[in-house]
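Asks: One structure, as structure tokens, below. Some questions next.
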Amino acid sequence: MTCYETLIVETVGRVGVIRLNRPKALNALNSTLAEELRTAFAAFDQDDGVGCVLITGSERAFAAGADIKEMAPRSFIDNFSANYMANWDSPARSRKPTVAAVAGFALGGGCELAMQCDLVIAADNAKFGQPEITLGIVPGLGGTQRLTRAVGKAKAMDLVLTGRMMDATEAERCGLVSRVVPLADLMTVAMQAAETIAAMSLPTAMTAKELVQRAHELPLAEGLRFERRAFHALFGTDGQREGMQAFLEKRKPRFNQP
Ligand code: CO8
Numbered sequence: 005m006t007c008y009e010t011l012i013v014e015t016v017g018r019v020g021v022i023r024l025n026r027p028k029a030l031n032a033l034n035s036t037l038a039e040e041l042r043t044a045f046a047a048f049d050q051d052d053g054v055g056c057v058l059i060t061g062s063e064r065a066f067a068a069g070a071d072i073k074e075m076a077p078r079s080f081i082d083n084f085s086a087n088y089m090a091n092w093d094s095p096a097r098s099r100k101p102t103v104a105a106v107a108g109f110a111l112g113g114g115c116e117l118a119m120q121c122d123l124v125i126a127a128d129n130a131k132f133g134q135p136e137i138t139l140g141i142v143p144g145l146g147g148t149q150r151l152t153r154a155v156g157k158a159k160a161m162d163l164v165l166t167g168r169m170m171d172a173t174e175a176e177r178c179g180l181v182s183r184v185v186p187l188a189d190l191m192t193v194a195m196q197a198a199e200t201i202a203a204m205s206l207p208t209a210m211t212a213k214e215l216v217q218r219a220h221e222l223p224l225a226e227g228l229r230f231e232r233r234a235f236h237a238l239f240g241t242d243g244q245r246e247g248m249q250a251f252l253e254k255r256k257p258r259f260n261q262p
């Protein structure tokens, strides 16, 4: 078992659960945490027993951004030479579906980490923002790119240029989050969503995720062609046979049987 300094990692049924655990720093993201996230995500990606990864923080903070104490002394050449933060994209790289359960602050890198996940389920106390401009910098991990694709130019400009926070209701209204739930229900609802996804045929869920991701990257005609090829290909899987057979036999499908 891997021991983590900044994360609590466990597998619950077919869900890999990662809890950010730097409570004194409101789960600020430092190099150790980024490296440990890489290790945890890589292990879940390789584990056939895991069908979905859920990432969460505390009730007070999902993550209050990159660790400013770690960042402050860095120079341009430090960042450029080390390609600083180039590997801080573990959820985005995960081939398996990911769910972010967000309570409290999701700011800067914290908002960017949530945006790398496929579903974002927010508690009603969640606050999202890209306050980097107030520190004299700009977002560095998708806060100008993923955010703009998710919420459009008007809202992205507002958040990135003023550094203000938006609450969960506003975040849902503008398309940043999938659902908003009372804080007390956050983990139950997020786990249910993750368990539902994890119970689907894994190759099918991975394909579905990849297809939706491609919608952000490809022109429509290419995306539609890619979707049709993937649709054709899934007829070569156990998942398609089991899913359709189960429907015809009026029973629940049993996917991912060992
Ligand atoms: N880095 C380091 N420590 C932090 C951070 C942070 N981002 N956020 C909070 N903390 C620490 C505080 O220093 C404090 O520690 P201490 O008790 O030792 O002084 C502790 O957490 C509690 O914080 P506060 O006392 O400030 O709590 P409040 O409830 O008063 O305020 C806030 C909460 C509003 C979240 C406030 O702490 C805040 O504004 N934090 C900074 C938010 C921010 O600017 N985030 C953006 C950082 S830049 C960034 O993320 C760049 C992203 C680039 C890519 C990252 C890839 C992952």
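Add 4 to the 1-based position in the sequence shown for full-length UniProt numbering, that's all there is to it.
Glycine included, every Cβ here is placed at the ideal spot set by N, Cα and C.
Note that the structure is predicted; figures quoted are calculated from it, not measured.
Cβ of V82 versus every heavy atom of the ligand CO8: is any distance shorter than 7 Å?
Replies: Per the sequence presented here, residue 82 reads as Asp, with Val not at that position. No - the ligand CO8 has no heavy atom lying nearer than 7 Å to the Cβ of D82.
Asks: What residue does the beta strand (DSSP E) around A105 start on, and which one ends it?
Replies: 102-106 is the span of the beta strand (DSSP E), which, as asked, contains A105.
Asks: Hey, is residue 1 close to the ligand CO8, as in C-beta under 7 Å from one of its heavy atoms?
Replies: In the structure as shown, the chain starts at 5 and stops at 262, and residue 1 therefore has no counterpart that could be examined.
Asks: Tell whether a beta-carbon distance below 8 Å holds between G61 and G108.
Replies: Cβ distance < 8 Å, so G61 and G108 count as in contact.
Asks: If you check the beta carbons only, do V164 and Q134 fall under 8 Å apart?
Replies: Against a cut-off of 8 Å, the Cβ pair of Q134 and V164 comes out as a contact.
Asks: Starting from F132, follow its DSSP beta bridges and name the residues at the other end.
Replies: Note: F132 sits in a beta bridge opposite A110, M170.
Asks: Within the continuous beta strand (DSSP E) that includes I137, where are the two ends?
Replies: Run containing I137: none; DSSP gives neither H nor E here.
Asks: Would you be able to state if there are at least three C-beta pairs under 8 Å between the region 164-184 and the region 132-152?
Replies: With the cut-off at 8 Å, the region 132-152 and the region 164-184 touch.
Asks: Tell me which residues share the same chain as R23 and place their Cβ nearer than 6 Å to its Cβ, disregarding the 5 neighbours each side in the sequence.
Replies: I12, T60, listed in sequence order.
Asks: For a test of your reading of the model: does the CB of E136 fall under 7 Å from any non-hydrogen atom of the ligand CO8? Yes or no.
Replies: Yes, Cβ of E136 sits closer than 7 Å to a heavy atom of the ligand CO8.
Asks: Please state whether DSSP places V155 in a helix, a strand or coil.
Replies: V155: helix per DSSP, three-state reduction.
Asks: Are A67 and A110 close, meaning C-beta to C-beta below 8 Å?
Replies: Going by C-beta atoms, A67 is nearer than 8 Å to A110.
Asks: In three-state DSSP terms, what is E14?
Replies: Reduced to three states, the DSSP call for E14 is strand.
Asks: Using 8 Å as the threshold, is the C-beta distance between L33 and D93 below it?
Replies: For L33 and D93, no; Cβs fall outside 8 Å.
Asks: With the cut-off set at 8 Å, would you say A126 and V106 are in Cβ contact?
Replies: Their beta carbons are under 8 Å apart, which means A126 touches V106 by this criterion.
Asks: Using only the alpha-carbon positions, how far apart do V54 and T208 sit?
Replies: V54 and T208: Cα-Cα distance of roughly 14 Å.
Asks: Would R18 be called buried (16 or more neighbouring beta carbons within 10 Å of its own) or exposed?
Replies: It is buried - the Cβ of R18 has at least 16 other Cβ atoms within 10 Å.
Asks: Take G113 as the anchor and find which of D52, V142, L123 has the nearest alpha-carbon.
Replies: Checking every option, the nearest Cα to that of G113 belongs to V142.
Asks: Please state whether the Cβ-Cβ distance between residue 269 and V103 is less than 8 Å.
Replies: As displayed, the chain neither begins before 5 nor continues past 262, which places residue 269 out of reach and without an answer.
Asks: Quick check: the Cα distance between K159 and G179, rounded to an integer number of angstroms?
Replies: One C-alpha to the other measures close to 10 Å.
Asks: Along the chain, where does the alpha helix (DSSP H) containing F84 start, and where does it finish?
Replies: Start and end: 80-86.
Asks: Roughly how many angstroms lie between the CA atoms of S98 and F45, to the nearest whole one?
Replies: Roughly 7 Å separates the two Cα atoms.
Asks: So, for N25: in the same chain, excluding its five sequence neighbours on each side, which residues have a beta-carbon less than 7 Å away from its beta-carbon?
Replies: Here the set comprises T10, L11, I12.
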